[in-house]
Structure formats: structure tokens, C-alpha cells
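Novice: Residue numbers are given in my numbering: position 209 of the sequence shown equals residue 269, and the series is strictly consecutive.
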Amino acid sequence: MRQSLNINRRSTWLRRTLSDITQKFACEEEVARITIVGTGYVGLTTGASFAEMGHDVRCIDIDSEKIRGLNHGRLPIFERGLGDMIDHNQTLGRLIFTTDFDLGLKDADFIFIAVGTPQLADSSSVDMRFVFKAARDIAEHACAPAIVVNKSTSPIGTVREICNLLTSHRPELGPWRVVSNPEFLREGSAIDDCMRPARIVLGCDDHHAAAAVGSLYETLHSPVIITDTNSAEMIKYASNAFLATKISFINEVARICHALDADVATVAEGMGLDPRIGREFLQAGLGYGGSCFPKDVAALTDMADRSGLHPQLLTAVTQINEDQRHWVAEILETALGGISARSIAVWGIAFKPCTDDTRKSAAIALADHLHTCGAAVTMFDPVVVEPPAFAEAASTKLDAVAGADALIVATEWEEFVTTEWAEVRRRMRGDLVFDTRNCLDPLLVQAAGLRYIGVGRKGAFSPAEDPVAV
Ligand SMILES: NC(=O)c1ccc[n+]([C@@H]2O[C@H](COP(=O)([O-])OP(=O)(O)OC[C@H]3O[C@@H](n4cnc5c(N)ncnc54)[C@H](O)[C@@H]3O)[C@@H](O)[C@H]2O)c1
């Protein structure tokens, strides 16, 4: 019954013009058949969210272990709310996971590419092999025209390249319509970001195709920007580069605060109340990491370089970020009177709270540096079970600090903020707590007889209180 309904819907779809599609999917009763190629952080969350909106979704991945797990109720990533959403939509039969491209692409109206675009090992450029392989797989297995949508963060010009590739491999399914639809979700709040996006960006030389993709999101009532493909691709890079710039800016200010005895948390509070500046991303700390900011800033720098430009600001943003963990290590070394042979506990392994993603984690980079300097490192994270090979694993945060000379808080998990510091003091050998995310209340830590160091914090200051209206 379900199959014949879909076939009827498909043949109806084929008879329509593209402008009709826009209206078709804008109608709440219409269901689109969406295929997602790449079932990672973005593909899985996007697929589950589209299913939640009522669409028929198939998620394809080449990782058979991941697909087997998903078909047996095992999530490959930690993301709050995602498991329930997947269960719900699998039960309703509108979310399917497969490694079979023929099955996954059959009758698709929209095919989203959501594979990784990591940085190449030996340069700042993007490794585009996964995107172009996905495009070739689509060309090989697609059996009818569909709109292809690129969600992978990709260098400017990629949509055109995908379109050329599809056209050269399968001209009979043309003209191919490829839309750029960059993704802005944040790990840790990915479901909310997908269901309540701040904006939806669509880039396509064919306005109707972009509008058809836009209508998939109609029920979310988010602002939609439809533009050309290059501008859409650039919006993603410029957004991430800007956020990374804010982080490096406040980290540089934190170093100046440290030198001049000012408190960066209070400075950020005072700056952030200005609506032209805003409070977000002005938290001084260990620097940014993760699977996006480092590689996206590098990619934009690389694109500028290749265009004969001299991207001084982007270069400085990366440099400040890389220097930050060394600056933190130097402060630790001074406070401890040396790192070699010290026992150091590190709270946090993932690159930020509420995720298990350890890609380019600043916590791991700092811990690795301390290990290289001769420290014995013990790590704990609420969701990452396996620490890097050089570190000892602890199964609780309090186990991690047993016998430690210093504790480094490397991610701002709520579980760390709400610690009973007297218990930490009892278990540690030393007394130093280094809050590399400026997330703790210094007075609470100090009240337990511990020494507190923050990033650009004035020792005796508590976190800035709510401003008093005068
Ligand atoms: N992770 C984020 O927070 C985030 C946010 C916004 C945008 N992005 C961008 O989204 C893209 C995907 O990122 P991610 O973090 O989800 O990556 P990921 O590494 O978690 O997932 C990629 C998935 O694609 C699969 N894959 C690779 N080649 C394939 C192919 N030919 N066919 C089918 N599956 C294939 C891999 O097995 C993997 O499961 C990247 O371009 C990234 O920059 C990521």
C-alpha cells in the first residue's frame, strides 16, 4: 500500500514543472521523498528532522557498521533528543537507514549530500574526495531526475562542479539541478538548530529549484535567503570564520588582561551588553576546536590565498588559536613550578560540552602537550569513554583528580560547574585548579582551599554579576 502510494506520488511529481513543485511541498499534506547521502552528525540529524517534519527519508552511508547499529537502535553519536526522534520516525516507517544506493536513491525527489569535507593532511585545502565520490555514486545509482542539494561545507564553486559531474555521467537525467544549502547546526543543540534554524540559505542558478528545496522547510517559518551558488557557499565560510574571529579576539584580549591585571570575564560582559557587539562567542578560554572552525577558517584562508589575496585577519585568527593552548600551558608551568613528572587531571575530552565529538579537540591538544612535557595525564569526560592513548582513563570526575597535582577544566560541562570542591580538595595531592574555559565560580573553588586560575581572570574576582540598573 505504502509502495503504490509512493509510486503514484512519484509519477505525479514527474508531470509537474519545477515551479509547481514549490507549491506542492509548501502544502502540508504533501510528503517529499528525501535521500541523505552521508549519515554523520549532519546527515543523521538532518534526516531525523526531515522525517519529524513528516517527509519520507532514507539515509545512506558507506559505513556498514554504523548503518547496522542504527537499524538495531544504536546511535553512532551522542546528541540529546536524537535517539527518541529516530526511534519515533523509524517506527512510523518514514526513516530508513541503508548502505544500498539503489534502494536509498529510488524515487528520490531530493538527494542531500552530507559527507565530510575535512582539511587535507598536508595543506589548508579541503579534501573533496568524499563529496565527489558521493556525487559519482548518485550519478551511478539515480534512476530518475531529482534535485541534488549539497549540505557539506564546500569551497566556492563546488555546486557547479557537482552539476558538471552529474551531467557528464548521466546526461539523460539532465538538466541536473544542484542547490547549495549549507548547514549551521551546532553539535550539542543539533536537533533544536535543525527544527528552529536561525536562517536557511539556498544557492542555485535555478530559482525554482532553490524554492522547491526551501518549501521543504516551510513549516519551520525561518528566514530564507535565496542567492547564487557562490554566495551561498561563501555565507557558510564567512559565518564560521566570523565566529572563530570573535573567539580569537577575546582570547587575545584575555592575554592582555592577564598582563595588565584586568578581568576578561567582566570585560566581555561589559562589551557584550552593547547590541552591536553581543555576548555570544566572547568567552575567553582554550581556543576553538571541533570538526568545523579550524578547517573552515583554513579553507577560507586557502581560497583567499589562491585568489592572490593576503588574508591577514584569517591568518591571525588561526595563529592566535594555536598559540592559546601554549600560553595556557606556560601559565600552568609557572603555577606548578614545572610540568615534568607532575600528575595532571583533565576534565573534558570532546571539543565542547554536550557532544562526543573529539575532532580537533583543544582539550586533547593541551593534554597531549602536557604529556609530551613529561606529565602523567588522567582524563575524564561525561560522554567520551575512550581517552587518547597517551592518557589514563578515569570513570568519574572525582576518580580523575585522585592524587593529582593540578586539575584542568577543559570543557564547560554543567557537571563540572556544579562540582563539590571540598571533595576535590580532599582527593588531590596538589591544590591547583586551572579553569581553561572560565566556567567556574572562582570564589567557590577558593573557598575549598584550592588555588584558582582562569584565562585572563583577575584572581579574586567572582564571575560578573547581573548588571545593576541605575
Ligand atoms: N558536525 C557539525 O557540527 C557540522 C555543522 C555544520 C556543517 N557541517 C559540515 O557538514 C558536513 C558533514 O559533517 P559531519 O560532521 O556530519 O561529518 P561526519 O564525518 O560525521 O559524517 C560523514 C558521513 O559520510 C559518510 N560518507 C562518506 N562518503 C560517503 C559516500 N560516498 N556515500 C555515503 N556516505 C558517505 C561517512 O561514512 C560518515 O558517516 C561537513 O562538510 C561539515 O563541515 C558539520
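Backbone N, C-alpha and C define an ideal beta-carbon position, used for all residues, glycine too. Remember, it's a predicted structure, so these values are computed and weren't measured experimentally.
Could you spell out the range, first to last residue, of the alpha helix (DSSP H) harbouring Y297?
Specialist: That run of the alpha helix (DSSP H) goes T289 to L320.
Novice: Taking a contact to mean a Cβ-Cβ separation below 8 Å, would you say A194 touches G98 in this structure?
Specialist: Against a cut-off of 8 Å, the Cβ pair of G98 and A194 comes out as a contact.
Novice: Is N210 helix, strand or coil when you go by DSSP?
Specialist: It is a strand residue.
Novice: Closest to T95 by CA distance: which of I127, E125, L165 and S109 is it?
Specialist: It is L165 whose Cα lies nearest to the Cα of T95.
Novice: Excluding five sequence neighbours on each side, which residues of the same chain lie with their C-beta closer than 6 Å to the C-beta of V484?
Specialist: Cβ neighbours of V484 beyond the five flanking positions: V461.
Novice: Count the CB pairs spanning the region 259-275 and the region 111-120 that are closer than 8 Å, and state whether there are at least three.
Specialist: Judged by Cβ distances under 8 Å, the region 259-275 makes no contact with the region 111-120, as fewer than three pairs qualify.
Novice: Among the residues of its own chain, which have a CB less than 7 Å from the CB of I380, if the five just before and after it don't count?
Specialist: Taken in chain order, the residues that qualify are S308, N311 and E312.
Novice: Assuming A322 and K518 are in contact, meaning their beta carbons sit under 8 Å apart, how far apart are those beta carbons, in whole angstroms?
Specialist: Indeed they touch by this definition, with Cβ atoms about 7 Å apart.
Novice: Going by the C-beta, is D197 closer than 7 Å to any heavy atom of ligand 1?
Specialist: Yes, since a heavy atom of ligand 1 falls inside the 7 Å radius drawn around the Cβ of D197.
Novice: Find out if the Cβ-Cβ distance for the pair Q343, N498 is shorter than 8 Å.
Specialist: Yes, the Cβ-Cβ distance between Q343 and N498 is below 8 Å.
Novice: At a cut of 8 Å, does the region 389-399 reach the region 503-510 through at least three beta carbon pairs?
Specialist: With a cut-off of 8 Å, the region 503-510 and the region 389-399 do not count as touching, because too few Cβ pairs lie within range.
Novice: If I measure Cβ to Cβ from I173 and keep anything under 8 Å in the same chain, skipping five residues before and after, which residues do I get?
Specialist: V97, G98, V191, A194, A195, I198, V208, V209, N210, K211, S212 and I222, listed in sequence order.
Novice: DSSP three-state call for A466: helix, strand or coil?
Specialist: Three-state DSSP puts A466 in a strand.
Novice: For the pair the region 369-387 and the region 408-421, tell me if three or more CB-CB distances fall below 8 Å.
Specialist: No, the region 369-387 is not in contact with the region 408-421.
Novice: Identify which residue in A358, S109, I337 and D123 has its Cα closest to the Cα of L245.
Specialist: When only C-alpha atoms are compared, the closest one is S109.
Novice: Less than 7 Å between C-beta atoms, sequence neighbours within five positions excluded: which residues of the same chain meet that for V530?
Specialist: Below a pLDDT of 50, predicted positions are generally treated as unreliable, and V530, at 45, falls in that range; the measurement from the model is reported next regardless. Counting only Cβ-Cβ distances below 7 Å, and skipping sequence neighbours, we find nothing.
Novice: So what does S403 bridge to, in DSSP terms?
Specialist: Bridge partners of S403: A436.
Novice: Would you identify the three-state DSSP class for C87, choosing helix, strand or coil?
Specialist: Residue confidence for C87 is low, a pLDDT of 45 falling below 50, so the modelled location carries little weight and cannot support an answer.
Novice: Return the bridge partner residues of V117 from the DSSP annotation.
Specialist: Paired residue(s): I94 and L155.
Novice: Tell me the rounded alpha-carbon separation between G217 and L142.
Specialist: Each residue's Cα considered, the two are about 32 Å apart.
Novice: Apart from the five residues just before and just after E474, which ones in its own chain have a Cβ nearer than 8 Å to its Cβ?
Specialist: P413, listed in sequence order.
Novice: P283: buried (16+ other C-beta within 10 angstroms of its C-beta) or exposed?
Specialist: Exposed, by the Cβ-count rule.
Novice: Buried or exposed: C352, going by 16 or more other Cβ atoms within 10 Å of its Cβ?
Specialist: Flag for C352 reads buried.
Novice: For L500 and A376, what's the separation of their Cα atoms in angstroms?
Specialist: The alpha-carbon atoms of L500 and A376 are separated by roughly 29 Å.
Novice: What residue range does the beta strand (DSSP E) around Y5 cover?
Specialist: As shown, the chain starts at 61 and ends at 530. That puts residue 5 outside it, with no answer to give.
Novice: May I ask whether a heavy atom of ligand 1 can be found less than 7 Å away from the beta carbon of I122?
Specialist: I122 Cβ: within cutoff of ligand 1.
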